[in-house]
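The block underneath contains the structure these notes are about, expressed in structure tokens.
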Amino acid sequence: MGERAHIVMTTVANGVNVQALLDAREVLKGAPEAAQFTWRASSKWDNGVHSTTKIQPYFGLGAEQNHKTEFVFEADHPETFAAEDNGITPIEYLLVGLASCLTAGVIAVAQNRDIQLRSVTSTVEGHHDIRGILGVDSDVRNGFNDIKVTFKIDADASAQDIEALVAQSQKRSAVFDALTNPTDVTVEVA
Amino acid sequence: MNHGSVERVTTVVVGAGHAGLAASHFLSDRSIDHVVLERGEVANSWRHERWDSLRLLTPNWQSRLPGLRYEGQDPDGYMTMGEVTEFIERFAAVSRAPVRTGANVTSVRRTDDGYQVTSSRGEIRCRTVVIASGACNRPSVPLFHSAVPDSVEQLTPFDYRDPAKLPDGGVMVVGASATGVQLAAELRQSGRPVTLAVGEHVRLPRVYRGRDVLWWMDASGVWDQRYDQLDDLTRARRLPSPQLVGTHERATLDLNTLTSAGVELVGRWAAVRDGRALFSGGLRNMFTLADLKMARLLGTFDEWASENGRDGEVDPPERFAATRVPTSTRLQLDLRSGEIRAIVWATGFRPDYGWLAVPVVDAKGQLLHEGGVVDSPGLYALGLPVLRKRRSSFICGIEDDAREVIDHLARYLAGGSA
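The listed protein sequences derive, respectively, from chains Z and X. Following our numbering, the numbering of the first sequence begins with 1156 at its first residue and continues without gaps. Following our numbering, the numbering of the second sequence begins with 96 at its first residue and continues without gaps.
Dropping the structure here:
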């Protein structure tokens, strides 16, 4: 209770409603079924290796939900792949997911720890040996060999506290987990 | 009376380890008639459920029980399991605890005026029960252990005694708690190739500024933090044991020590797929989290020392090198290749309340209690991690816990409620 009162009183404003997140955490402790979300995307081939993926409905809190609007994502390959470059490559979407997830985590954790942020920027580099996907060498994997994320954070906090923010955001990141731990994936033809 | 033949006492204590015996000590102080039921013999888990080389993580001078202190020649040393057993036996003797050995409790259920306790030595009715059956009754092993190929031998710390019992060849140790790092070091020393799967862990130096790190925990007040003052009690109670070992040299046993000894570190073991172990790619962050937490803890020690004028009696502040990140870490390992001949699951322990027919256990098998006061009138618990304070997880924490819990029990008996 003391901790919550503290958060309400705080003057730190990073634009995250931490109170809502803490409340949700309390509620979901007793209602694990409401915590079961299904995120969805539907994709359609356009031409060549260009496809369009749309995202709007998802399931969560025990009911069908909708994003405020439908979001549309173009995926293609660049001209170095002899493609038309109508959108980013699919594997680049993983970088979008990782950067945005870690950034959201940094902000939420900072809010919860009463740290005022002034700017948070990051660069993400995924190192990729494309001999894997081209079938040049069967010992080379298809996916990233490794990924490097570099944050630049300006905040009212010590270097150590900032490092702790970034560490904690990895610890609670959905995308970091999805990339670093194996996931059971089923692909079938309907 | 329908149950004229049933034995009646005021309090039944389940378990004659340090916690049950401490409960008995304070019950006797208050002349509350009681009996201590013990499935095996006094200090049973210390005798039978530990590996050969294990020594206490706490230095001898911290081994204190109500009315009993370490009086040997080596206050800075660490007790072997034989010595712990003797220490607890001596405590049982000096406190004249009414221990009934070979009395395996098979059920505790509520009655109108208390509890009915059934053990292999008969039935007892009582008004109050103190559960002191321990926190480490069963090794906990991830479900995917069943997907490990049969050619690989699997052990838990309950099965493990010494390296000689394992087949020759590579060993995978899973978990970087005190248990995991100790077994990894010992197996590596036996000449075996050792791979250690590392998840969240607690890094500590054995000695800080010339004093045992647990002296700092004790003196600086960290161990005095109460269960109801902690930000995240669930986390504090689930924390893996710190990477410590009790040796004559008071040597630090962290992941850098293991790397130098030739142990290969991999990320948390996440799954088995097609006979392959898959490890997390998040190892670096596990190191960062542990290094940051250690630095923060040492910082609080330094602050305490300077604020309390203690800097003169200890060495200057120290900082330790970051955990070394291997140049490359394996993300998978073929369990069928013969590289790994045995797996030791140092993935923690859980209590066993299968005998407790009172609905006070949560979905994860943990007892529901507030500082040892269980959510059923007249039912109490002792000897669980961070039961009332951080110190509760160690032998030296039992004195205050047992006194306070038995105080509550006595008030309950006196007033009908507390």
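By construction, the Cβ of each residue, glycine as well, lies at the ideal position given by its N, Cα and C atoms.
Selection of the segment 322 to 334 of chain X by Cβ proximity to chain Z, strictly under 8 Å: 326
Measure the beta-carbon distance from residue 431 (chain X) to residue 361 (chain X) and round it to whole angstroms, keeping in mind my assumption that it falls under 8 Å. Residue numbering aside, residue 431 (chain X) sits at position 336 when the second sequence is read from its first letter. Residue numbering aside, residue 361 (chain X) sits at position 266 when the second sequence is read from its first letter. The pair is not a contact, with the Cβ atoms about 17 Å apart (cut-off 8 Å).
Tell me which residues of the segment 368 to 389 of chain X have at least one Cβ-Cβ distance to chain Z shorter than 8 Å, keeping chain order. 368, 373, 375, 376, 377, 380, 383, 384, 387
Residue 187 (chain X) to residue 318 (chain X), Cα distance in whole Å? Taking the second sequence and counting its residues from 1, the one referred to as residue 187 (chain X) is at position 92. Taking the second sequence and counting its residues from 1, the one referred to as residue 318 (chain X) is at position 223. Their Cα atoms are separated by approximately 26 Å.
Spatial distance of residue 421 (chain X) from residue 495 (chain X) (CA atoms): Translated into positions along the second sequence, residue 421 (chain X) becomes position 326. Translated into positions along the second sequence, residue 495 (chain X) becomes position 400. Those two C-alpha atoms are separated by around 44 Å.
Could you check what DSSP says for residue 1164 (chain Z) in three-state terms: helix, strand or coil? Residue mapping note: residue 1164 (chain Z) aligns to position 9 of the first sequence, counting from 1. Bear in mind that the predicted position of residue 1164 (chain Z) carries a pLDDT of just 48, short of 50, making it unreliable; the figure below should be weighed with that in mind. Of the three classes helix, strand and coil, the one that applies to residue 1164 (chain Z) here is helix, per DSSP.
Excluding the five sequence neighbours on either side, which residues of its own chain have a C-beta within less than 6 Å of the C-beta of residue 298 (chain X), listed in chain order? Position 203 of the second sequence, counting from 1, holds the residue named residue 298 (chain X). The residues are 338, 349, 385, 389.
Using three-state DSSP, classify residue 507 (chain X) as helix, strand or coil. Taking the second sequence and counting its residues from 1, the one referred to as residue 507 (chain X) is at position 412. Three-state DSSP puts residue 507 (chain X) in a helix.
Can you find the residues in the same chain that come closer than 6 Å, C-beta to C-beta, to residue 1209 (chain Z), ignoring five residues on each side of it along the sequence? Translated into the one-based positions of the first sequence, residue 1209 (chain Z) becomes position 54. These residues qualify, in order along the chain: 1197, 1225, 1227.
Quick check: is any heavy atom of the ligand SAH less than 7 Å from the C-beta of residue 1190 (chain Z)? Here there are no bound small molecules, and the ligand SAH is not part of this structure.
Specify the secondary structure class of residue 1262 (chain Z) as computed by DSSP and reduced to three states. Residue numbering aside, residue 1262 (chain Z) sits at position 107 when the first sequence is read from its first letter. DSSP places residue 1262 (chain Z) in helix when its eight states are reduced to three.
Note down, in chain order, every chain Z residue with its Cβ under 8 Å from the Cβ of residue 365 (chain X). For the purposes of this step, residue 365 (chain X) is identified with residue 270 of the second sequence, where counting begins at 1. Within 8 Å Cβ-Cβ: 1336, 1337.
Taking only the alpha-carbon atoms, compute the straight-line gap between residue 224 (chain X) and residue 1250 (chain Z) and give it to the nearest angstrom. If you number the second sequence from 1, residue 224 (chain X) lands on position 129. If you number the first sequence from 1, residue 1250 (chain Z) lands on position 95. Straight-line Cα distance between these residues: approximately 56 Å.
Enclosing alpha helix (DSSP H) for residue 378 (chain X) [first to last residue]: As a first step, residue 378 (chain X) must be located in the second sequence, where it is residue number 283. Run containing residue 378 (chain X): 378 to 402, per the alpha helix (DSSP H) assignment.
Rounded separation between residue 435 (chain X) and residue 234 (chain X) - CA only: Looking up residue 435 (chain X) in the second sequence gives position 340. Looking up residue 234 (chain X) in the second sequence gives position 139. Residue 435 (chain X) and residue 234 (chain X): Cα-Cα distance of roughly 21 Å.
Cβ-Cβ distance between residue 453 (chain X) and residue 471 (chain X) below 8 Å: Within the second sequence, numbered from 1, the residue matching residue 453 (chain X) stands at position 358. Within the second sequence, numbered from 1, the residue matching residue 471 (chain X) stands at position 376. Result yes, Cβ atoms of residue 453 (chain X) and residue 471 (chain X) sit closer than 8 Å.
Taking C-beta to C-beta, are residue 463 (chain X) and residue 457 (chain X) nearer than 8 Å? For this step, residue 463 (chain X) is matched to residue 368 along the second sequence. For this step, residue 457 (chain X) is matched to residue 362 along the second sequence. The answer is yes: Cβ separation under 8 Å.
What is the DSSP secondary structure of residue 1288 (chain Z), reduced to helix, strand or coil? Indexing the first sequence from 1 puts residue 1288 (chain Z) at position 133. It is helical.
Could you work out which residue in X:242, X:473, X:147 is closest to residue 204 (chain X) when comparing CA atoms only? Taking the first residue of the second sequence as position 1, residue 204 (chain X) is located at position 109. Residue 204 (chain X) has its Cα closest to that of X:473, out of X:242, X:473, X:147.
Once the 5 residues before and after residue 477 (chain X) are set aside, which same chain residues still bring their CB inside 8 Å of it? Along the second sequence, read from residue 1 onward, the residue named residue 477 (chain X) stands at position 382. Result list for residue 477 (chain X): 114, 115, 117, 118, 225, 226, 227, 467, 493, 496, 497, 500, in chain order.
Return the CA-CA distance between residue 1285 (chain Z) and residue 370 (chain X), expressed in angstroms with no decimal places. Reading the first sequence from its first residue, position 130 is the one you call residue 1285 (chain Z). Reading the second sequence from its first residue, position 275 is the one you call residue 370 (chain X). Taking the straight line from one Cα to the other gives about 27 Å.
What residue does the alpha helix (DSSP H) around residue 183 (chain X) start on, and which one ends it? Working through the second sequence from its first residue, we reach residue 183 (chain X) at position 88. Segment 176 to 189, the alpha helix (DSSP H) holding residue 183 (chain X).
Near-chain X residues of the segment 1299 to 1319 of chain Z (beta-carbon distance less than 7 Å), N- to C-terminal order: 1315, 1318, 1319
I need the DSSP call for residue 1173 (chain Z), collapsed to helix, strand or coil. Taking the first residue of the first sequence as position 1, residue 1173 (chain Z) is located at position 18. Helix.
According to DSSP, is residue 255 (chain X) helix, strand or coil? Here residue 255 (chain X) refers to the residue found at position 160 of the second sequence. Reduced to three states, the DSSP call for residue 255 (chain X) is coil.
Whole-angstrom Cβ separation of residue 335 (chain X) and residue 296 (chain X), contact assumed at under 8 Å? Start at 1 with the first residue of the second sequence, and residue 335 (chain X) comes out as number 240. Start at 1 with the first residue of the second sequence, and residue 296 (chain X) comes out as number 201. Right, their Cβ atoms sit about 6 Å apart.
Along the chain, where does the beta strand (DSSP E) containing residue 1306 (chain Z) start, and where does it finish? If you number the first sequence from 1, residue 1306 (chain Z) lands on position 151. Run containing residue 1306 (chain Z): 1301 to 1310, per the beta strand (DSSP E) assignment.
Below-8 Å beta-carbon distance, residue 1325 (chain Z) vs any chain X residue: Indexing the first sequence from 1 puts residue 1325 (chain Z) at position 170. It does: the Cβ of residue 1325 (chain Z) has a partner Cβ on chain X nearer than 8 Å.
Residue 445 (chain X) in three-state terms, based on DSSP: Translated into positions along the second sequence, residue 445 (chain X) becomes position 350. Of the three classes helix, strand and coil, the one that applies to residue 445 (chain X) here is strand, per DSSP.
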